[in-house]
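Participant: Just so you know, the sequence shown maps onto residues 3 to 421 in the numbering used here. In this text, a Cβ means the ideal position worked out from N, Cα and C, and glycines have one as well.
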Amino acid sequence: MKRLLLLFLVFPVLLAGNVFDLFEENMNRSSDYWSAVESFKEKDLSYRQYTGFWNPEVSVSLGTNGIIITEDGVQNFSVSPIVNFVNVYGFKLGLSFPISVNTKDWSANFEGTQLSVSRGLKEDYMVNRLQAEAGYLSALYSLKSVKNSIFIQTVQDVFDWYYYTRKIEILSQRLQVLREKLSKTVDEDEKESLEKQILSVEQTLRNTKLNLEAIHEGINEEIYRETKELLSNITLPATTLEHREDLKALEIQKKAEEIEKKTWFLPYLPDLSFSFNYDFEESTWSIGIGLQLTLWDFGERKLEAEKRKFQIVSLEYEEKIKEINDSINKSLTSIDNLRSQMKQEDIELNDLREVYETNRQLFEKGFLSEEDFILSELDYTEGKLTMENLENSLILEKLKYISTLGYDLEKFLKEGDLN
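1) Going by C-alpha to C-alpha distance, which of LEU212, ALA141, MET29, GLU347 sits closest to THR167?
2) Would you mind reading off the limits of the beta strand (DSSP E) that contains VAL60?
3) Taking contact to mean 3 or more Cβ pairs, one atom from each stretch, closer than 8 Å, check whether the region 245-260 and the region 124-143 are in contact.
4) Measuring CB to CB, does SER378 end up less than 8 Å from VAL357?
5) With respect to the alpha helix (DSSP H) encompassing LEU297, which residues constitute its N-terminal and C-terminal limits?
6) Using a Cβ-Cβ cutoff of less than 8 Å, which residues in the same chain neighbour LYS322 once the five nearest sequence positions on both sides are dropped?
7) Using CA atoms only, rank isn't needed, just tell me which of LEU184, ASP159, ILE200 is closest to SER174.
8) For THR105, which residues in the same chain have their Cβ closer than 6 Å to its Cβ, ignoring the five residues on either side in sequence?
9) For LEU330, which residues of its own chain have a beta-carbon under 8 Å away from its beta-carbon, when the five flanking residues on both sides are left out?
10) Within a Cβ cutoff of 6 Å, which residues of the same chain sit near ASN111, ignoring the five residues on either side of it in sequence?
11) Under a Cβ-count criterion, where at least 16 other Cβ atoms within 10 Å of its own Cβ denotes burial, should ASN394 be classed as buried or exposed?
12) For LEU180, which residues of its own chain have a beta-carbon under 7 Å away from its beta-carbon, when the five flanking residues on both sides are left out?
13) Compute the distance between the beta-carbons of GLU373 and LYS183, then report whether it is under 8 Å.
14) Helix, strand or coil for ALA216? Go by DSSP, reduced to three states.
15) If we call anything under 8 Å between Cβ atoms a contact, is LEU340 one with ILE154?
16) Distance, Cα to Cα, LYS43 vs SER37?
17) Give the single residue among ILE314, ASP273, GLU219 whose Cα lies nearest to the Cα of ILE291.
18) Can you check whether the CB of SER118 is closer than 8 Å to the CB of GLY96?
19) Roughly how many angstroms lie between the CA atoms of ILE314 and GLU417, to the nearest whole one?
20) Leaving aside the five residues before and after PHE93 along the sequence, list all residues of the same chain whose C-beta is less than 8 Å from its C-beta, in chain order.
21) So MET152 and SER32 are in contact, right, with Cβ under 8 Å, and what is the actual spacing, rounded?
22) DSSP state of ASP273, grouped into three classes?
23) Keeping to the same chain, check which residues put their C-beta closer than 7 Å to that of ASN20; ignore five residues upstream and five downstream.
24) Report back the beta-carbon spacing between PRO58 and PHE87 to the nearest angstrom; my notes put them in contact at under 8 Å.
25) Going by DSSP, which residues form a beta bridge with PHE79?
26) Please work out which residues of its chain come closer than 6 Å, Cβ to Cβ, to TRP287, disregarding the five sequence neighbours upstream and downstream, and give them in chain order.
27) Taking the beta strand (DSSP E) that LYS94 belongs to, which residues open and close that run?
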């Protein structure tokens with residue numbers, strides 16, 4: 003019996019979960035999140051080709067012609083395991099170990115080790131590396147930004163669920179009391195006034211129910227209380243942009259842009275390629291130089307040269323700084339405004355409480371109808387709900403501010419500001 007009781011006590015807790023569980027679920031259902039994940043993986047892979055060039059690409063080649071089968075059977079062929087090291091400061095290094103196969107007796111002969119080194123002479127290794135790093139940082143920030151947006155929306159849903167649920171309870175009670183009051187009223191003017199109030203409450207109730215239906219079904223009172231407790235005392239970090247990887251990406255792109263500006267003439271030069279091959283078995287070597295020169299085009303080279311001269315990224319950087327500062331100022335202003343609204347609401351709430359206390363005394367002495375007393379009680383209850391909703395709005399605005407600074411909200415809330 004004790005085990006059964008323990009199971010019933012534990013099961014609701016497991017069922018309830020918490021805001022981070024809802025966040026995880028919402029992420030898994032978000033196409034924006036998975037698109038950001040795939041984009042980050044692609045950029046991470048591209049960047050690792052520059053930072054981890056010692057990790058080789060290993061492949062197997064069947065030679066130039068592959069395996070040829072004729073009426074006489076399978077012809078002799080070669081197999082070459084190949085190890086390539088790409089982006090070694092712009093060079094591509096390759097080691098091949100060719101093995102010839104004689105199909106008459108299926109014997110294999112190792113032909114030695116061959117080294118190849120190649121590079122496109124117009125390729126700017128440093129520019130490509132900087133752009134790969136910028137792409138990685140930009141994708142990293144985009145992923146974090148998407149996660150933050152989903153988390154804020156999850157918290158918004160939790161808060162909205164509580165607000166709409168309580169609002170529906172209050173409106174339903176108010177509607178019932180107004181209908182009871184209408185049934186007892188004989189004065190025509192008062193009837194008309196009550197009918198208008200009933201229609202207004204019915205409309206608000208329908209809209210509130212519709213809003214509640216659009217929210218995640220897995221939210222409950224326990225999740226709301228845990229979320230509120232987690233976020234109520236959140237502290238705003240200092241205003242710093244060191245966590246904005248998108249800004250760092252633009253700064254790196256500016257460096258690449260400076261290099262390109264100095265070499266604006268590259269599009270007019272011929273495409274040159276250099277290769278070096280060495281056979282360790284035969285102790286022979288060869289050098290190859292390839293050249294391709296465009297004599298006439300439709301203006302592509304001119305356009306490319308102009309793009310290299312014009313520093314667009316510098317303008318983008320200044321625009322991004324202004325955009326971020328505007329967002330920060332907007333968030334801080336919203337936070338201040340919400341605090342002012344809370345002070346005003348606190349004054350109104352005190353007035354509602356005084357009215358409620360006065361009406362309670364009048365009702366107890368028989369000078370006020372039960373319906374009017376309940377309506378004043380509902381006014382006070384709704385005022386408290388409005389105050390709590392303002393508190394929740396303040397929390398959401400704080401989360402938006404922290405996200406604007408570039409923090410990972412999940413990590414920030416679990417670990418705090420480690421800087």
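Facilitator: The relevant details are as follows:
1) LEU212
2) 59-63
3) yes
4) yes
5) Careful: LEU297 lies outside any alpha helix (DSSP H) and carries neither H nor E.
6) ASP248, LEU249, LEU252
7) ILE200
8) VAL76, ASN78
9) Inspection of the sequence shows that residue 330 is occupied by Ile rather than by Leu. Once the five neighbours on either side are set aside, the close Cβ partners of ILE330 are THR241, TYR403, THR406, LEU407.
10) SER102
11) buried
12) LEU196, GLN199, ILE200, VAL203
13) yes
14) coil
15) no
16) 10 Å
17) ASP273
18) yes
19) 38 Å
20) VAL119, SER120, ARG121
21) Reading off the sequence shown, one finds Ile at residue 152, where the question assumed Met. The pair is a contact, with the Cβ atoms about 6 Å apart (cut-off 8 Å).
22) strand
23) ILE225, GLU228
24) 5 Å
25) VAL103
26) TYR280
27) 93-98
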